[in-house]
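In the working numbering, the protein residues as written are 7 to 528.
So this is what it looks like as structure tokens:
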């Protein structure tokens, strides 16, 4: 009797784990097709997979099913049986150039037929006619098993001013995650709001309206707000709201800081809450000294509380005439953006922005930071602040690795020369006294390779003051050859790392051990 092939001898628990791992349509747009193909590998696998209703119930991908024979979707629902459904319709109607009304009706009909069985739903509903929400009947029915809703209502015009949408007839006992985008508002006093663990809102709201919602969400873990606006009339008394379980807070701001400043002044969040503050399209009227100062001081206060709990080891600062981004990169997967502020593309930051940022974020909690990434996307560094940056560098006394671009290095040397000229004795003559590794990317052009180049000036200055670095790292980019630099003959023992184009391994050169291979001389 022949032995069955190894593929048929897989333990069923392992087989199910592998199949299920590749069947998440919310993370992988090909999950439905992959699962269908897997079920055709052999009869044993097909029988096994068809016996798992929940596998198919979680693959109702209308983006993939639309336009295919009706038999497909009928078979998928048949295999799902009575299992709770996961349905996705992100692009079925949203990215259509024609037949939008037909596609939207297709989505709504399927939702209506199966509404009481749906557990998770992500959908974009488009209405190009009159924006009448009465057509969207399923969303106004009780949702007994719905746990997660990610919904965008896209309407192009209204014939009337609609009433706030009353989702689920106020009955959705299992709902825990609610993400809603669109121009149509919903009932902000809905009874199901109090049970939510995650809220993401992309509708226009004032801080007063948000606070009224948050008063009933004491178990909230994640909160993201995308479109806060100022209250135009007389501001009513604002409640103070404690959110003791909040883990993530994301605030996206357009045009004005005031609404966010009001909100942050009226909520209490744990010191361990991860904050992302992102402001875009801010005009000069919104970045005046008073308004911006209040905002940055609020963020700085939060940062001190957060870093008192989670000591940072890696921070990043990027600055340009159009934006700045300051973030904690200790855990790269989380990217705790303390502040990201940008102005209109054709605009530029007023001169008070950068010094204010540096002053408010010269924090004593930064003394344990070992890696600093500094990118200065600016053609001129001589109009940038000096004294504020000196104080900021003094707070980074344990920096071991410095990751810069050429503009940032030029600015550092400009600040260094200012220190040596003033020589007040308040600060170390050489910034970053513990520095051992300098990373530079991209590599400066040939005009920056001589004795006056910022790289050579930086390295030689540290040698002069008895604080040489150990490694100069160019490997974040690629070079055809390593350019000659004047410090090669003086920085004995300095390791230079670089990488050739099309090669993954670094090339290493130790200064003082002869000429490096493939050296490009001046």
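Just so it is clear, CB atoms sit at the ideal spot from N, CA and C, and this is done for glycine as well.
Of the listed residues 505, 481, 506 and 470, nearest to residue 497 (C-alpha basis): Numbered from its first residue, the chain shown carries residue 497 at position 491. When only C-alpha atoms are compared, the closest one is 470.
With 16 other CB atoms within 10 Å as the buried threshold, where does residue 510 fall? The residue given as residue 510 occupies position 504 in the chain shown. The residue in question, residue 510, is exposed, as its Cβ has fewer than 16 Cβ neighbours within 10 Å.
Could you give the distance in angstroms between the alpha-carbon of residue 303 and the alpha-carbon of residue 321? The count along the chain shown starts at 1 and reaches residue 303 at position 297. The count along the chain shown starts at 1 and reaches residue 321 at position 315. The alpha-carbon atoms of residue 303 and residue 321 are separated by roughly 18 Å.
My assumption, with CB atoms under 8 Å, is that residue 554 sits in contact with residue 40. Please give the rounded CB distance. Outside the displayed range of the chain (7 to 528) lies residue 554, so it cannot be described from this structure.
Would you say residue 403 and residue 439 are within 8 Å of each other, going by their C-beta atoms? Taking the chain shown and counting its residues from 1, one reaches residue 403 at position 397. Taking the chain shown and counting its residues from 1, one reaches residue 439 at position 433. It is a contact, given that the beta carbons lie within the stated cut-off.
Under 8 Å, do residue 324 and residue 381 count as touching if we go by C-beta distance? Position 318 of the chain shown, counted from the first residue, corresponds to residue 324. Position 375 of the chain shown, counted from the first residue, corresponds to residue 381. At the C-beta level, residue 324 and residue 381 come within 8 Å of one another.
Go through the region 189 to 262 residue by residue and report every complete run of the beta strand (DSSP E) that reaches 3 residues or more, in order. Within the region 189 to 262, the runs of beta strand (DSSP E) at least 3 residues long that lie entirely inside it are, in chain order, 204 to 208, 228 to 231 and 254 to 260.
Between residue 155 and residue 183, which are expected to be in contact by the criterion C-beta below 8 Å, what is the C-beta distance as a whole number of angstroms? Position 149 of the chain shown, counted from the start, is the residue given in the question as residue 155. Position 177 of the chain shown, counted from the start, is the residue given in the question as residue 183. 7 Å between Cβ atoms; contact.
Between the C-alpha atoms of residue 375 and residue 267, what's the straight-line distance to the nearest angstrom? Position 369 of the chain shown, counted from the start, is the residue given in the question as residue 375. Position 261 of the chain shown, counted from the start, is the residue given in the question as residue 267. Separation of residue 375 and residue 267 (C-alpha to C-alpha, rounded to the nearest whole angstrom) is 28 Å.
Coil, strand or helix - residue 337 by DSSP: Counted from its first residue, the chain shown places residue 337 at position 331. Taken through DSSP and simplified to helix, strand or coil, residue 337 comes out as coil.
Looking only at its chain, what residues have a beta carbon closer than 7 Å to the beta carbon of residue 421, apart from the 5 residues adjacent to it on each side? Residue numbering aside, residue 421 sits at position 415 when the chain shown is read from its first letter. Correct list, in chain order: 392, 395 and 396.
In whole angstroms, give me the CA-to-CA distance for residue 489 and residue 425. For the purposes of this step, residue 489 is identified with residue 483 of the chain shown, where counting begins at 1. For the purposes of this step, residue 425 is identified with residue 419 of the chain shown, where counting begins at 1. The straight-line gap from Cα to Cα measures roughly 30 Å.
Roughly how many angstroms lie between the CA atoms of residue 84 and residue 152, to the nearest whole one? Within the chain shown, the letter at position 78 stands for residue 84. Within the chain shown, the letter at position 146 stands for residue 152. The alpha-carbon atoms of residue 84 and residue 152 are separated by roughly 20 Å.
Do you know how far the Cα of residue 55 is from the Cα of residue 508? For this step, residue 508 is matched to residue 502 along the chain shown. For this step, residue 55 is matched to residue 49 along the chain shown. Taking C-alpha positions only, residue 508 is separated from residue 55 by approximately 44 Å.
Bridge partner(s) assigned by DSSP for residue 407: If you number the chain shown from 1, residue 407 lands on position 401. In the DSSP assignment, the residues bridged to residue 407 are 377 and 443.
Excluding the 5 residues flanking residue 26 on each side, which residues of the same chain have their C-beta closer than 8 Å to its C-beta? In the chain shown, the residue the question calls residue 26 occupies position 20. For residue 26, where only same-chain residues beyond five positions count, the Cβ hits under 8 Å are 61.
In the DSSP output, which residue or residues are listed as bridge partners for residue 514? Mapped onto the chain shown, residue 514 falls at position 508. Answer is 503.
With H, G and I counted as helix, E and B as strand and the rest as coil, what does DSSP make of residue 43? Along the chain shown, read from residue 1 onward, the residue named residue 43 stands at position 37. Look at residue 43 here: in three-state DSSP terms it is helix.
What does a CB cutoff of less than 6 Å around residue 246 pick up in its chain, not counting 5 residues either side in sequence? If you number the chain shown from 1, residue 246 lands on position 240. Closer than 6 Å at Cβ, skipping near neighbours: 272.
For residue 142, which residues in the same chain have their Cβ closer than 7 Å to its Cβ, ignoring the five residues on either side in sequence? Here the question's residue 142 lines up with position 136 in the chain shown. Closer than 7 Å at Cβ, skipping near neighbours: 114 and 131.
Among the residues of its own chain, which have a CB less than 6 Å from the CB of residue 193, if the five just before and after it don't count? Residue numbering aside, residue 193 sits at position 187 when the chain shown is read from its first letter. 170 and 172.
Pull up the distance between the alpha-carbon of residue 366 and that of residue 306, whole angstroms please. Locating residue 366 in the chain shown gives position 360, where the first residue counts as 1. Locating residue 306 in the chain shown gives position 300, where the first residue counts as 1. When rounded, the distance between both Cα atoms is 6 Å.
Residue 65 by DSSP, collapsed to three states: which one? Taking the first residue of the chain shown as position 1, residue 65 is located at position 59. If DSSP states are grouped into helix, strand and coil, residue 65 belongs with coil.
So, with DSSP's three-state summary, where would you put residue 508? Start at 1 with the first residue of the chain shown, and residue 508 comes out as number 502. Reduced to three states, the DSSP call for residue 508 is coil.
What is the DSSP secondary structure of residue 155, counted as helix, strand or coil? Your numbering for residue 155 matches position 149 in the chain shown. Residue 155 falls in the strand class under three-state DSSP.
Kindly indicate which three-state DSSP category residue 311 falls into: helix, strand or coil? As a working mapping, residue 311 is identified with position 305 in the chain shown. Here residue 311 sits in helix by DSSP.
Who does residue 477 pair with in a DSSP beta bridge? One-based indexing of the chain shown puts residue 477 at position 471. Bridge partners of residue 477 according to DSSP: 443 and 501.
Please name the residue in 107, 244, 259 and 282 whose C-alpha comes closest to that of residue 253. Mapped onto the chain shown, residue 253 falls at position 247. Residue 282 is the option with its Cα nearest to residue 253.
Spatial neighbours of residue 213 in its chain, beta-carbon cut-off 6 Å, leaving aside the 5 residues before and after: Working through the chain shown from its first residue, we reach residue 213 at position 207. So the qualifying residues of the chain are 265, 268 and 269.
Residue 465 and residue 441 closer than 8 Å at C-beta: The count along the chain shown starts at 1 and reaches residue 465 at position 459. The count along the chain shown starts at 1 and reaches residue 441 at position 435. No.
Tell me, to the nearest whole angstrom, how far the beta carbon of residue 217 is from that of residue 244; I am working on the premise that it is less than 8 Å. Stepping through the chain shown from its first residue, residue 217 is reached at position 211. Stepping through the chain shown from its first residue, residue 244 is reached at position 238. Yes, residue 217 and residue 244 are in contact; Cβ-Cβ is about 6 Å, under 8 Å.
Exposed unless 16 or more other CB atoms sit within 10 angstroms - verdict on residue 52: Counted from its first residue, the chain shown places residue 52 at position 46. Exposed, since its Cβ has fewer than 16 Cβ neighbours within 10 Å.
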